[in-house]
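Mind the numbering: the sequence shown is residues 1 to 274 in full-length UniProt numbering, read in order.
For glycine and all other residues, C-beta sits at the position ideal for the given N, C-alpha and C.
Computed from a prediction, not measured in an experiment: that's the story for all the values here.
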Amino acid sequence: MMNSSTTKARQCHCFAPGCTSGYVSSREQGQRASLFSVSKDPAFFEAWRRAVPSAYKSLDTKSALCELHFDEQFFERFYAHVINGETVQIPRGKAVLKSDTVPTIFPNVPAYLSKKVPKKRTSRTSTCDLPSKIRCQEPSTSACKETAGSYSTESDSQQVPVPNVPAIPDVRKHGLPSAYWARHLIAGADNATVFTVCALDSDKVTFDKYVLMTSNENRLRATAFVQATKIKTLDITDIEMAEELLRDIDSMIPCRGFGKACEFRVNLKYKEKT
1 MMNSSTTKAR QCHCFAPGCT SGYVSSREQG QRASLFSVSK DPAFFEAWRR
51 AVPSAYKSLD TKSALCELHF DEQFFERFYA HVINGETVQI PRGKAVLKSD
101 TVPTIFPNVP AYLSKKVPKK RTSRTSTCDL PSKIRCQEPS TSACKETAGS
151 YSTESDSQQV PVPNVPAIPD VRKHGLPSAY WARHLIAGAD NATVFTVCAL
201 DSDKVTFDKY VLMTSNENRL RATAFVQATK IKTLDITDIE MAEELLRDID
251 SMIPCRGFGK ACEFRVNLKY KEKT
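In structure tokens form, the structure reads like this:
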């Protein structure tokens with residue numbers, strides 16, 4: 001018989017004493033903070049267990065801690081990509097923790113229980129003082145890939161330069177016009193995303209409507225199709241504009257006069273003489 005402890009889901013609220021992140025009362029007040037599972041590495045899990053103060057129970061593998069208990073240097077907030085021989089940073093949708101992270105900040109308990117993390121020293125090989133866009137010495141032929149831990153966030157007084165390649169709006173399920181729409185990534189085309197509505201033609205699945213979004217240089221271009229006919233092409237500036245385009249295409253109803261070439265026979269009366 002399976003142990004019930006192994007099937008227990010990860011906690012949806014913060015384990016740290018005095019912290020209300022994840023609780024219903026906190027969400028109703030609009031207070032939201034990202035939750036992170038405890039480290040899977042046994043050594044770091046033990047370090048987490050020792051670091052988190054608790055008077056009533058110990059940290060376990062299903063516990064979670066919110067972002068308020070980690071020093072800023074432990075977050076990875078950007079993807080690093082090599083595009084046309086240049087390295088650019090693109091903001092992540094949600095920050096992740098580095099592998100050597102240990103919680104050190106506990107604002108709701110006595111101050112002596114929080115440990116101040118020493119600032120990371122800047123060596124000659126450090127990239128902390130370099131701009132987010134760096135020309136590579138040797139052009140890379142590999143596909144764009146995430147380089148974890150290569151970049152750290154700057155102080156609040158400094159703004160991260162905007163990358164040349166705009167990010168495709170992350171229109172998730174709640175932003176789609178209806179449950180019939182879906183978002184697809186395209187293998188081998190990291191700069192493209194397609195939003196589709198499928199239809200069933202006998203035993204074949206076809207695209208009734210779809211919107212292709214591609215990101216090139218300083219422009220995000222969207223092209224909309226209805227029954228394989230191009231309807232419009234325009235530049236997208238923000239996620240609201242992308243959602244409005246999807247709603248516009250969703251509301252279009254093809255007229256009954258649409259037909260396929262195979263449905264019509266050649267009129268022999270007007271066929272050219274050979």
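By Cβ distance, which residues of its chain are closer than 7 Å to CYS14, with the 5 residues on each side in sequence left out? SER21, GLY22, LEU35, ALA64, LEU65, CYS66
Please report the straight-line C-alpha distance between LEU97 and GLU76, rounded to a whole angstrom. 6 Å
So, at 6 Å on beta carbons, what are the nonlocal neighbours of LEU212 in its own chain, with the 5 sequence-adjacent residues on each side left out? VAL194, THR223
Answer with yes or no whether the minimum CB distance from ILE105 to chain D is below 7 Å. Absence of chain D from the displayed structure is noted, only one protein chain being present.
Helix, strand or coil at GLN89 according to DSSP, with G and I counted as helix: strand
Candidates ALA192, ALA179, SER178, ARG92: which alpha carbon is nearest PHE78's? ARG92
State yes or no: is the C-beta of ALA33 within less than 7 Å of the C-beta of VAL102? no
Who are TRP48's beta bridge partners in DSSP? According to DSSP, which records beta bridges pairwise, TRP48 is partnered with nothing at all.
Neighbourhood of ALA179 by C-beta, 6 Å cutoff - its chain only, sequence neighbours within 5 removed: none
Considering only residues of the same chain and omitting the five flanking positions on each side of THR233, which have a CB-CB separation below 6 Å? THR223
Inter-residue spacing [alpha-carbon to alpha-carbon] between THR206 and LEU246: 18 Å
With distances taken from CA atoms, which of GLU244, VAL226, GLY18 is nearest SER54? GLY18
Continuous beta strand (DSSP E) stretch holding VAL211: start and end: 204-216
Nearest residue (CA-CA) to PHE74, options ILE83, LEU185, SER99: SER99
Return the chain-ordered list of same chain residues with a C-beta closer than 7 Å to the C-beta of LYS94, the five sequence neighbours on each side being excluded. SER34
Would you call LYS209 buried or exposed, if buried means 16 or more other Cβ atoms sit within 10 Å of its Cβ? buried
Based on the DSSP output, what are the partners of ALA80 in its beta bridges? GLN89
Alpha carbon to alpha carbon, how far is GLN89 from PRO107? Give it in angstroms, no decimals. 32 Å
Could you tell me the alpha carbon to alpha carbon distance between LYS62 and ARG183, rounded to whole angstroms? 31 Å
If I measure Cβ to Cβ from GLN11 and keep anything under 7 Å in the same chain, skipping five residues before and after, which residues do I get? LYS62, SER63, ALA64
Per-residue burial, SER202 [other beta carbons within 10 Å of its own, 16 or more giving buried]: exposed
Using the C-alpha atoms, what's the distance from GLY188 back to ASN218? 21 Å
Straight-line Cα distance separating ALA199 from ALA192: 22 Å
Reducing DSSP to helix, strand and coil, say where ASP201 ends up. strand
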